[in-house]
Amino acid sequence: MRIKALGCLLALSACSTVPMRAKHDLIGMPRSDLIACAGVPDNVATLPDGEVLQWRQDQQVQGPFTLKGPMSLELDLSGHGTCHFVARLRQGRVAQVEYTGPSGTLLGPYSACRPLVLACERRARKG
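All letters in the sequence shown, in the order written, are residues 1 to 127 by UniProt numbering.
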């Protein structure tokens with residue numbers, strides 16, 4: 001039973017690696033492709049050497065680990081998080097990817113960011 005639980009935990013923690021891979025895999029992606037996979041950004045800032053695009057996940061994302069017991073007793077060990085996905089572009093291509101916000105859950109430090117970058121990460125891996 002413990003081995004199965006550990007296996008499930010390890011499999012779920014792999015979900016938090018998507019945002020970390022995206023920090024590298026999205027570098028060089030054209031602006032049009034980024035918007036096609038991430039959607040229209042929530043904020044855009046123009047800089048002298050490019051621009052910054054930001055997507056926001058402000059709704060609390062909860063990890064998958066809640067224990068429920070008798071007499072309506074609940075213990076939540078999962079943590080909650082939000083995420084802001086920030087992409088800096090130079091010459092129309094992604095030059096840097098960062099995340100802000102309290103994005104940690106039981107699945108890892110950037111797991112709340114996964115929904116924001118999953119489609120782009122998949123697109124980058126195919127290309």
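Ideal Cβ positions, reconstructed from N, Cα and C, are used throughout, including at glycine.
Pick from the options: whose alpha carbon is nearest that of residue i?
i, options, result
"Arg93", "Pro19, Asp25, Met20, Arg21", "Asp25"
"Thr100", "Ala119, Gln91, Leu53, Leu47", "Leu53"
"Gly81", "Gly69, Gln59, Arg90", "Gln59"
Quick one: measure Cβ to Cβ for residue i and residue j, integer angstroms, because I've assumed they're closer than 8 angstroms.
i, j, result
"residue 136", "Gly50", "Given that the chain is displayed from residue 1 to residue 127, the structure contains no residue 136 and the question cannot be resolved."
"Glu121", "Ala36", "With a Cβ gap of about 14 angstroms, Glu121 and Ala36 do not count as contacting."
Do you know how far the Cα of residue j is from the Cα of residue i?
i, j, result
"Arg123", "Leu34", "9 angstroms"
"Pro30", "Met71", "54 angstroms"
"Cys15", "Cys113", "Since pLDDT at Cys15 reaches only 45, below the 50 mark, its modelled position is unreliable, and the value read off the structure follows with that caveat. The alpha-carbon atoms of Cys15 and Cys113 are separated by roughly 10 angstroms."
"Leu118", "Val40", "15 angstroms"
"Leu47", "Val97", "16 angstroms"
"Ser32", "Asn43", "16 angstroms"
Please state the DSSP three-state secondary structure of residue i.
i, result
"Val94", "strand"
"Asp25", "helix"
"Val44", "strand"
"Cys120", "helix"
"Asp49", "coil"
"Pro30", "strand"
Can you list, in chain order, the residues of its chain whose CB lies under 7 angstroms from that of residue i, leaving out five sequence neighbours each side?
i, result
"Gly127", "none"
"Leu116", "Ala38, Trp55, Gln57, Cys83, Phe85"
"Arg125", "Asp25"
"Arg90", "Asp49, Gly50"
"Ala45", "Glu51, Val52"
What does a CB cutoff of less than 6 angstroms around residue i pick up in its chain, not counting 5 residues either side in sequence?
i, result
"Ala11", "Note on Ala11: pLDDT 45, under 50, position unreliable in the model; the coordinate value appears next. Excluding sequence neighbours, Ala11 sits near nothing in its chain."
"Gly28", "Arg93"
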